[in-house]
Every structure is written in structure tokens, then in C-alpha cells.
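Sequence positions in the sequence shown follow this note's numbering and run 46 to 425.
Glycine included, each C-beta is placed from N, C-alpha and C at the ideal position.
Take a look at the structure set out below.
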Amino acid sequence: MEQESASGLSGRAGNAEPVAQTPTPDGAQIHEDYLARARRGSIWQMLAIALSLAIAAFSIYVLGRAVSAVSLSALRQAIAATSAEQIASAALLTVWSFLALTGYDGLALRQLNARVRYKTTALASFTSYAISFTLGFPLITAGTVRYWIYSQAGLTASKVASLTVIAGVTFWFGMAFVLGAGLAFHASAISAINHFYPLINALIGVSVLGAILAYLVWVTIRHRHISIKGFQLELPGLGLSLGQIALGVIDQCAAAGVLYVLLPSHAELDFFTFAATYVFACILGVLSNAPGGIGVFEAAMLKAVPVASEEALLASLVLFRVIYYLVPFLFALAFLGAHEGFHRWTSLREAMRGSEEEKVLEDEINPLRRWYRDNWRLRR
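Structure (C-alpha cells):
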């Protein structure tokens, strides 16, 4: 029996299948995986570039046709016909929009538990947005300006990067909510612009609002983190996320209001439909990668906004560029220059004060040197 069991064991052991082991990828396999990821990334980059070029080309075509049909004298007359009340209202709404933008940075700083004075926050936010809106490439332009100012307030590069990402999320929250609400609740009016069936517009709008609601539920359940190129960022919770949406909506509505009050007539388009159209034109401008979406935004608005006179609409768009883009850009350059000049003067004054204190300390330590210096001055 023992021999039989032993032989049975040996037989089972001999017939047993070897334990499967996870193969370790060699260098060639890792290299192939890296090349595959690079190819997938390059394909998406090429598609993004193609989309940007297509949007830009179509916008140039639309804008070129519109401008060719407008005489400069008629355009000047339309600009001159804009009332002082319209200019003042547009300027006030511009201030309101940029005040909301300072709240973007304020919420981000609160999420990062960073204490910065509001005047520093306002300077960094206003100048970064005013410059990035005009020059484009916001991650580079806005990020550089923010780091320049916030680093002097003691923030590290990683916190400035986190702040820029959170502020960008707030901006897109506002755009998504305004666009989704416009499509959901003004589907018929927008269908006259994008030529979609009202039901399609309503479904798109409800989907966008549903995605925002799902995000709010997602960040409410527990703390969420995202990884951006190995960089970990904790997402704001429910309270700050609601604040992001509110500030984003205020900013987008104020910015849309700047152009709305400059239009020659508001009778053909209610504000909420116009705001959704404005946001869609802004999104096209962002996708085109054109600095400030220039040309693309104007072409989209010319195609979408129904007005009796294209000259009047072009005049409104020109004034909008001046009031909302050019004037804040010039103010931002002036504020940055004044800030840098004040910072350099403060550093120089502290250096001079330190030199004087060092001289007084040397005199107290070495009275013989002080006596010699004073007598030498008297002899001279």
C-alpha cells in the first residue's frame, strides 16, 4: 500500500502541470510598447492639428466673405453710431467679468490651503487672464505670469501649476454650464442658429448638465485625485465645486453681456440664447489655437447672430475686441511694469538699509575706525 501510494504520488507529481509564471517584459517589449503609445499620441496630435486648421480655414473663408461685402466707411459709421451708454455698460460688464476671474484664483488658493493677500491674487489673476486672452496659449502665458507674481508671495512652482489647473477647470465649468443650459432650455431658438432639431439640442444640453451633476456626485462621495504627467492634484469637494460653477457662470454671462450690449438690436435674440452662442464661438476659438480666438470667434458670431446689418455686427465685434481684450491687455502690461518697478525699488531700499545698518554696527564694534574716519573727513 505504501509503495502504491508512493508510486501514485510520484505519478501525480510527474504528471502535474508546471506553475505558470508571469513573464518579465524584456527591453524589446518595453521599447515596442513605448513606440505604440507614441504612435497613438502622434495620431491624436495630428487629428487635433487637422481640426484646428479646418476650423481656422473655414473661419477665414467666412470672415473674408463678410469683410469683403462691408465698406470701411460704413464700418466707421457703425462704430460712431454706438452710444456712450453702450460703451459704459460694456466697460462695466468687463470689470465685472474680470472681478469674477479673480475669484478663480481665490477658490484655487483656498483648495491649496495657501494664504495670499487679495491684492496679490487680483494682480496675478487679472494680468494672467488679460495677457493670455490676447496672446493665446494660456498654459504658457498665464502660467508664466502667475508664477512670476505668486513666487514672490512664497508659492512654489507645483502650487502655481495646481492653481492654474484648478482655475482652468473653473473656466470650463462656466462655459459648459452656460452652453448646456442654453441648449436644454432654449433648444428651439438655438436650432435656428445651428440648424439642429430642437430635440437634438435639448439632448445635448441635458447630457452636458448631467455630466456636470455626475462630477459633483463623484467629488462628493470621497476625495478625488487626478494625475497629470505624474503630478498628483486633489480635486475640490462639493462646496468649492459649486463655487467654481457659480463663478464660471457669472464670468461667462458678464463677458457675453459685453458684446450683447454693443449689438445694434437685441430684439431678434434673447440674452440666454445669445450667451450659449457666445460660449460656442469661444470654444471654437479655443479649438483653433488662434491667439485669443481672433478671426474664428468673429466668423462664428457673424454666422450665428441674426442682425439686419453686417456692418453693425462687425462694428460691435471690433468694439468688443477693444473693450474686453485690448484695454485690459494694456492695463495688464502697465500693472506688471509698475509691480516689477516697485519690487525692484523695495529690494534696492532694503539693500541700502542693510548697508547702513552694517556701517552702524561696524562703528559700534570698532570705535577707533569711526574716530579715524571722522577726523580724516575733518582734515579733508
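When C-beta atoms of the stretch 170 to 178 are compared with those of the stretch 137 to 148, three or more pairs fall below 8 Å, so the two segments count as touching. Secondary structure remark: continuous beta strand (DSSP E) runs of at least 3 residues inside the stretch 234 to 285, in chain order: 270 to 273, 276 to 279. Between the stretch 353 to 361 and the stretch 381 to 391, the count of Cβ pairs shorter than 8 Å is below three; the stretches do not touch. Of all alpha-carbon atoms in 178, 176, 212, the one lying nearest the alpha-carbon of residue 157 is that of 212. With a beta-carbon spacing of about 4 Å, residue 218 and residue 293 fall inside the 8 Å limit used to define contacts. Residue environment analysis places residue 122 among the exposed positions, since fewer than 16 neighbouring C-beta atoms fall within 10 angstroms of its C-beta. Counting other Cβ atoms within 10 Å of its Cβ, residue 182 stays below 16 and is therefore classed as exposed.
In this structure, residue 223 and residue 331 do not form a Cβ contact; the two beta carbons are roughly 14 Å apart against a cut-off of 8 Å.
The DSSP-derived three-state label of residue 124 is helix. Distances from the alpha-carbon of residue 309 to those of 362, 165, 235, 276 put 362 closest.
Using a Cβ distance threshold of 7 Å, residue 303 and residue 139 count as a contacting pair. Annotated as proximal: residue 207 and residue 278, with beta-carbon spacing under 7 Å. Considering only 154, 129, 266, 201, the residue with the shortest C-alpha distance to residue 215 is 154. Cβ-Cβ distances below 6 Å link residue 351 to 313 in the same chain, with the five nearest sequence neighbours on each side left out; the list follows chain order. Comparing alpha-carbon positions, the option among 301, 161, 226, 235 lying closest to residue 204 turns out to be 161. Closest in C-alpha terms to residue 134, from the list 306, 327, 344, comes 306.
An exposed status is given to residue 91, since fewer than 16 other beta-carbon atoms sit within 10 Å of its beta-carbon.
A distance below 7 Å between beta-carbons, with the five flanking residues on each side excluded, links residue 365 to the following residues of its chain, in chain order: 303, 304, 307. The beta carbon of residue 280 lies closer than 6 Å to those of 264, 269 in the same chain, with the five residues before and after it left out. Selection 300, 341, 373, 267 evaluated against residue 284 yields 267 as nearest (Cα-Cα). DSSP places residue 315 outside any alpha helix (DSSP H), giving it a letter other than H or E.
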